[in-house]
Amino acid sequence: MERAKPGVIAVLPNGKRFVNEADSYHDFIAALLAATPAGDTPQAWLLADRRTLRRYGLGHARPFPFTPTAWLRTGYLQRGNTLAELAKQCAIDANALAETVERFNHFASAGEDVDFHRGASAYNRAQGDHQVTLGPLREGPFYAVRILPGSLGTFSGLQTDEHARVLDEQQQPIPGLYAIGNDMSSVMRGYYPSGGITLGPAMTFGYLVGKGLTKKTNINNNIT
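Residue numbers (this note's numbering): 7 to 230.
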């Protein structure tokens with residue numbers, strides 16, 4: 007889900023930002039989990055104003071000329087004519103939300119996110135300079151989409167060596183057993199900096215395995 011467009015911020019139920027919205031979704035959810043009090047359900051809200059929704063959309067709600075009517079009807083998208091009205095519908099602290107939006111709007115006008123440095127990293131600037139991701143929330147009605155953590159993969163694959171051979175408990179290769187892709191333990195060691203980051207290692211180690219097996223086959227053929 008696109009979180010880094012101008013005029014979009016993420017807040018907790020307490021109405022406060024907790025993360026650089028332009029960071030990867032791995033970092034986003036890690037920050038959400040860290041900011042959630044023990045025993046509470048990890049959840050956040052993505053907020054946008056009318057102008058932002060019309061230009062970029064929000065979540066599944068697509069930008070103009072499409073209308074958000076269907077998503078409002080299902081409850082996926084929440085709308086309020088004012089920030090206070092939206093806060094009430096989403097059970098967000100209204101006073102804190104007003105302060106958060108005012109502060110973020112100041113950052114957007116100044117061109118620098120002092121709190122979370124949104125737009126400061128090369129990753130954040132992938133689509134242009136840091137100004138591309140900063141924009142104020144000013145024009146009602148305001149919209150919100152609820153964000154909950156989910157799972158789409160695994161980092162706990164089989165331990166392998168540099169040849170993609172699966173290792174046993176003594177860290178020795180198991181003869182004839184290989185693992186690549188999501189079946190092998192991620193080379194990112196628990197991080198997921200960007201969508202598709204496992205594709206490169208999968209192709210690389212797949213190539214190495216194929217090359218190694220070809221050599222073994224040629225040796226066996228020569229012996230027989």
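Beta carbons: idealized from backbone N, C-alpha and C, even for Gly.
For the putative contact between Val215 and Ile186, defined by C-beta atoms under 8 Å, what is the C-beta separation to the nearest angstrom? Position 209 of the sequence shown, counting from 1, holds the residue named residue 215. Position 180 of the sequence shown, counting from 1, holds the residue named residue 186. Between Ile186 and Val215 the Cβ distance is about 6 Å, and since that is below 8 Å, they are a contact.
Taking the alpha-carbon of Tyr149 as reference, which of Val193, Gln177, Ala116 and Gln95 has the nearest alpha-carbon? As a first step, residue 149 must be located in the sequence shown, where it is residue number 143. Out of Val193, Gln177, Ala116 and Gln95, Gln95 has the C-alpha closest to the C-alpha of Tyr149.
Alpha helix (DSSP H) containing Ala37: first to last residue? Within the sequence shown, residue 37 is the residue found at index 31, counting from 1. Taken as a continuous stretch (DSSP letters only), the alpha helix (DSSP H) holding Ala37 covers Tyr31 to Ala41.
Inside the stretch 33-117 only - alpha helix (DSSP H) runs reaching at least 4 residues: 56-62, 75-80, 89-96 and 100-116
Is Ser200 near Gly163, with beta carbons less than 8 Å apart? Your numbering for residue 200 matches position 194 in the sequence shown. Your numbering for residue 163 matches position 157 in the sequence shown. No, the Cβ-Cβ distance between Ser200 and Gly163 is not below 8 Å.
Please classify Arg9 as buried or exposed, where buried requires at least 16 neighbouring CB atoms within 10 angstroms. Counting from one through the sequence shown, the residue named residue 9 turns up at place 3. Looking at its Cβ environment, which holds 16 or more other Cβ atoms inside 10 Å, Arg9 is buried.
Those runs of the beta strand (DSSP E) which lie wholly inside the stretch 155-212 and span at least 3 residues: 171-173 and 179-184
Go ahead and pull the three-state DSSP assignment for Val138. For the purposes of this step, residue 138 is taken as residue 132 along the sequence shown, with counting starting at 1. The answer is helix: DSSP assigns Val138 an H, G or I state.
For Arg144, the first and last residue of its enclosing beta strand (DSSP E): As a first step, residue 144 must be located in the sequence shown, where it is residue number 138. Neither: Arg144 is in no beta strand (DSSP E) and is coded neither H nor E.
Between which two residues does the beta strand (DSSP E) containing Ala16 stretch? Counting from 1 along the sequence shown, the entry for residue 16 is found at position 10. Ala16 -> beta strand (DSSP E) spans Val14 to Val17.
What is the DSSP secondary structure of Lys221, reduced to helix, strand or coil? What you label residue 221 is simply residue 215 of the sequence shown in a count that begins at 1. In the structure shown, Lys221 sits in a helix (DSSP, three-state: H, G or I).
Could you tell me which of Ala128, Lys221, Gln178 and Val17 sits nearest to Leu39, measuring between CA atoms? Within the sequence shown, numbered from 1, the residue matching residue 39 stands at position 33. The candidate whose alpha carbon is nearest that of Leu39 is Val17.
Does DSSP put Asn20 in a helix, a strand or coil? Counted from its first residue, the sequence shown places residue 20 at position 14. In the structure shown, Asn20 sits in coil (DSSP, three-state: anything other than H, G, I, E or B).
Would you call Pro167 buried or exposed, if buried means 16 or more other Cβ atoms sit within 10 Å of its Cβ? Here residue 167 refers to the residue found at position 161 when the sequence shown is read from its first residue. Here residue 167 turns out to be Asp, not Pro, going by the sequence shown. Flag for Asp167 reads exposed.
So, with DSSP's three-state summary, where would you put Val151? Within the sequence shown, numbered from 1, the residue matching residue 151 stands at position 145. Collapsing the DSSP output to three states places Val151 in a strand.
Near Gly63, which residues of its chain fall below 6 Å by C-beta distance, leaving aside the five closest residues on each side in sequence? Working through the sequence shown from its first residue, we reach residue 63 at position 57. These residues qualify, in order along the chain: Pro69.
Integer Cβ distance of Leu140 from Arg124, believed to fall under 8 Å: Taking the sequence shown and counting its residues from 1, one reaches residue 140 at position 134. Taking the sequence shown and counting its residues from 1, one reaches residue 124 at position 118. In this structure Leu140 touches Arg124 by the C-beta definition: roughly 6 Å separates them, less than 8 Å.
How close, in whole Å, do the beta carbons of Asn20 and Asp99 come, if the pair is a contact with beta carbons under 8 Å? Position 14 of the sequence shown holds residue 20. Position 93 of the sequence shown holds residue 99. With a beta-carbon spacing of about 5 Å, Asn20 and Asp99 fall inside the 8 Å limit used to define contacts.
Please state the DSSP three-state secondary structure of Gly125. Taking the first residue of the sequence shown as position 1, residue 125 is located at position 119. Of the three classes helix, strand and coil, the one that applies to Gly125 here is coil, per DSSP.
Return the Cβ separation of Arg56 and Pro147 in integer angstroms, given the expectation that the two are a contact with Cβ distance under 8 Å. By 1-based counting over the sequence shown, the position of residue 56 is 50. By 1-based counting over the sequence shown, the position of residue 147 is 141. Indeed they touch by this definition, with Cβ atoms about 6 Å apart.
Please report how far the alpha carbon of Ala128 lies from the alpha carbon of Ala116, in whole angstroms. Taking the first residue of the sequence shown as position 1, residue 128 is located at position 122. Taking the first residue of the sequence shown as position 1, residue 116 is located at position 110. Using only the alpha carbons, I get a separation of about 20 Å.
For Val215, does the three-state DSSP call read helix, strand or coil? As a first step, residue 215 is located in the sequence shown; it is residue number 209 there, counting from the start. Helix.
Measuring only the C-alpha atoms, how far is Leu59 from Trp77? The count along the sequence shown starts at 1 and reaches residue 59 at position 53. The count along the sequence shown starts at 1 and reaches residue 77 at position 71. If you take the alpha carbons of Leu59 and Trp77, they lie about 12 Å apart.
Asn101 versus Arg195 - alpha carbon distance: Within the sequence shown, the letter at position 95 stands for residue 101. Within the sequence shown, the letter at position 189 stands for residue 195. C-alpha separation (whole angstroms): 40 Å.
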